[in-house]
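Each remark here refers to the structure printed beneath this line.
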Amino acid sequence: MVKKMIPLALSKDILKRLAIIANARTYSLTWIQRAQILIALNKGEPIDQIQIQLKCSRSTIYRLKNKAITLRATQPIPIQLPATGEQRRLYSIALNLAVGRLLNDRARSGRQPRLLLEDQETILLKLAGNELQKASRF
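Take any residue in the sequence shown, count from 1 to its spot, add 1: that is its number in this note's numbering.
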């Protein structure tokens, strides 16, 4: 008996970005496959079916699912759709960083980056939030 999985409940904006990556030919094969896995998991498809469709191992699917849950990617980015061009640009950058966190490989040993992706995303979200507050005052 095939059991249907509980969907990840990814936000609509993140799903749009994943769909673009999944259908593109300019991204790496691992990113495309990971995007397809996340989209299938979001639909609630069983892992057996995803494994057969995408020809990947169960451990790959489980690792990506756990990564999405631990990175809190299942919660939408806490910003309303921005009104001005600058706010939209910051929102778009924050979305790209969130999707990048999902699709990138784990960090390897070696020199650490000066500003981690999580810190970059937090800074951009705060900037976009401040811009929204300034715009709502007028």
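Yeah, the Cβ is synthetic: ideal placement off N, Cα and C, and Gly gets one too.
The model shown is predicted, which means the values in this text are computed figures rather than measured ones.
Using a Cβ-Cβ cutoff of less than 7 angstroms, which residues in the same chain neighbour residue i once the five nearest sequence positions on both sides are dropped?
i           : result
residue 109 : none
residue 69  : 9, 39, 75 and 103
residue 13  : none
Taking just the CA atoms, how far does residue j sit from residue i?
i           : j           : result
residue 75  : residue 96  : Summary for residue 75: the model assigns pLDDT 49, below 50, so the residue's position carries little reliability; its value from the coordinates is reported in the next sentence. C-alpha separation (whole angstroms): 13 angstroms.
residue 29  : residue 23  : 10 angstroms
residue 107 : residue 27  : 21 angstroms
residue 120 : residue 54  : 36 angstroms
residue 60  : residue 86  : 42 angstroms
residue 49  : residue 127 : 40 angstroms
residue 34  : residue 46  : 15 angstroms
residue 93  : residue 111 : 30 angstroms
residue 115 : residue 67  : 26 angstroms
Is the beta carbon of residue i sitting closer than 8 angstroms to the one on residue j?
i           : j          : result
residue 51  : residue 41 : yes
residue 43  : residue 11 : yes
residue 125 : residue 72 : no
Could you check if residue i is buried or exposed, using at least 16 other CB atoms within 10 Å of its CB as the buried criterion?
i           : result
residue 17  : exposed
residue 62  : buried
residue 122 : buried
residue 21  : exposed
residue 25  : exposed
From this set, the options, which residue's C-alpha is nearest residue i's C-alpha?
i           : options              : result
residue 105 : 13, 14 and 19        : 19
residue 15  : 99, 112 and 47       : 99
residue 32  : 13, 101, 112 and 115 : 101
Here's a check: name, in chain order, each residue in its chain whose Cβ is nearer than 6 angstroms to the Cβ of residue i, leaving out the five neighbours to either side.
i          : result
residue 56 : none
Counting only the same chain and skipping the five closest in sequence on each side, list residues whose C-beta sits under 8 angstroms from that of residue i.
i          : result
residue 58 : 52
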